[in-house]
Amino acid sequence: MDIQGNPHHLIMGELTDFLTGKTLPDTHDERYRQKIARWLVENSGFSKQNISNNIPLTIMAGEYKAALKIDFLIFFQNKYIMMIKYAPGSLVTRRLSTLALSRLVCEYQIPYAVITNGEQAEIIDGDSGKLIAQSLDNLPDKKTVIQHMSGFSFKPIGKKVFDQASRIAYACEIDGACPCDTDVCVLD
893 MDIQGNPHHL IMGELTDFLT GKTLPDTHDE RYRQKIARWL VENSGFSKQN
943 ISNNIPLTIM AGEYKAALKI DFLIFFQNKY IMMIKYAPGS LVTRRLSTLA
993 LSRLVCEYQI PYAVITNGEQ AEIIDGDSGK LIAQSLDNLP DKKTVIQHMS
1043 GFSFKPIGKK VFDQASRIAY ACEIDGACPC DTDVCVLD
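According to our numbering, the sequence shown is numbered sequentially starting from 893.
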């Protein structure tokens, strides 16, 4: 075991990404991401083709701009239906920023915004912003999505909401965050 390049992350070798087959550094955080990916396929019934991972997102707050990564987006029947953000530690403090991110990744509100530390999860209704379930066991599965698909609003994100979400995400995910822990890159 050795620490390479990043003093915040212990790199224990390499692992193979479950979704893409690519070789990745083996870190504790990456092990949790792999656990989540496997859960989505093996327990929730989504195919690997329905899941995008490590999605770059640029957010802005006034004149400030930064890039970060969304861990997972689940695509079903030509729509994004769930966004999953992994973050170690407490989940309750990340609810607002997770909901904000779900309003920035595409032009409509994603129905489910999920924050997880790999052990616990909080599932947030995208439209209302309310916590609707907790635990990985309660992640919406493919069957649930099929049952609720016609009831999802996919309402467009207006400029005012987009700007507010951008500022919230920037304040919570970038300002004062350790770039090593959040895969954040502040852009000029």
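The C-beta atom is built at its ideal place from N, Cα and C for all residues, glycine as well. Keep in mind that this is a model prediction, so the values were computed, not measured.
Contact annotation: the segment 904–924 does not touch the segment 1012–1023, with fewer than three C-beta pairs closer than 8 Å. Counting C-beta pairs with one atom in each stretch, the segment 980–995 and the segment 952–959 have fewer than three that are closer than 8 Å, which means they do not touch. Annotation note: the segment 962–1022 contains the following uninterrupted beta strand (DSSP E) runs of length 3 or greater, listed N- to C-terminal: 971–978, 1004–1008, 1013–1017. Taking the C-beta atoms as reference points, W931 is found no nearer than 7 Å to L993. Beta bridge pairing from DSSP links Y956 with A953. Distance from the CA of T919 to the CA of L988, rounded to the nearest whole angstrom, comes to 27 Å. Assignment of N942 by DSSP, reduced to helix, strand and coil, places it in the helix class.
L907 sits in a strand when the DSSP states are folded into three classes. Secondary structure at T912: coil, using DSSP grouped into helix, strand and coil. Under the three-state reduction of DSSP output, I928 falls in the helix class.
Taking C-beta atoms under 8 Å as the contact rule, K1034 and F938 qualify, at a distance of about 5 Å. The bridge partners DSSP lists for P1032 come to none. Distances from the CA of F968 to each of T990, I976, N942 were compared; the closest alpha carbon is that of N942. In this model, I928 and I1015 are separated by some 14 Å (Cα to Cα). Counting C-beta pairs closer than 8 Å gives three or more between the segment 1039–1047 and the segment 998–1014, which meets the contact rule. If you draw a straight line from the Cα of I903 to the Cα of D909, it is about 15 Å long. Within its own chain, the residues whose Cβ lies closer than 7 Å to the Cβ of C998, once the five positions on either side in sequence are excluded, are Y972, listed in chain order. Rounded to whole angstroms, the gap between the alpha carbons of E1065 and M975 is 16 Å.
Scanning S936, F964, N935, E934 for the CA closest to the CA of S944 turns up F964.
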